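Below is one structure, written out as C-alpha cells; the observations come after it.
Residue numbers (the working numbering): -2 to 136.
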C-alpha cells in the first residue's frame, strides 16, 4: 500500500520530465527558426549593401571615364560646377564645387563632407594644402 503513492509520484514526475523535454524541444525549434529569420534578414541587408556598393562603383566609374575623356581629373558639369575624383590619404574623395567658388570634398566611403575651400585653394579645412584639389580646379 505504501508503494502506490510513490509509483504515482514517479509517474507524475516522469510526466513532468516529458513535459519539460517537450518544452525544451519547442524552445530549441523556435531558436533555430529565429536564427533562420535572423540569418535571412542579414542576407537581405548584405545583398542590399552589395547592390548599393555596385551602383556607387558604377557611378564612380562613369565619373572617372568623364574625367579621362577630358584628359584631366577635373571637368565641368555646367557653368558653375565641377567635379574631380581622387584618392587622398587612401580615401576615395569626390571634389565638388561652384557656389561662389566654394569647393567641398566628399569622402565616398563615409558619405561625409571632409573638407572645403575656395576655388583658389584658400581657406579650406580637412586636408593638407598640397593635397587640395590636385591643383587643377577651375570653378
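No residue lacks a Cβ here, since even glycine has one placed at the ideal position from N, Cα and C. Given the structure is predicted, the values throughout are model-derived calculations rather than measurements.
Asked, Found
"Span separating the alpha-carbon of residue 37 from that of residue 31", "10 Å"
"For residue 19 and residue 145, the rounded distance between their alpha carbons", "With the chain running from -2 to 136 in the structure shown, residue 145 is simply not present."
"Per-residue DSSP class, three states only, for residue 40", "helix"
"Per-residue DSSP class, three states only, for residue 107", "coil"
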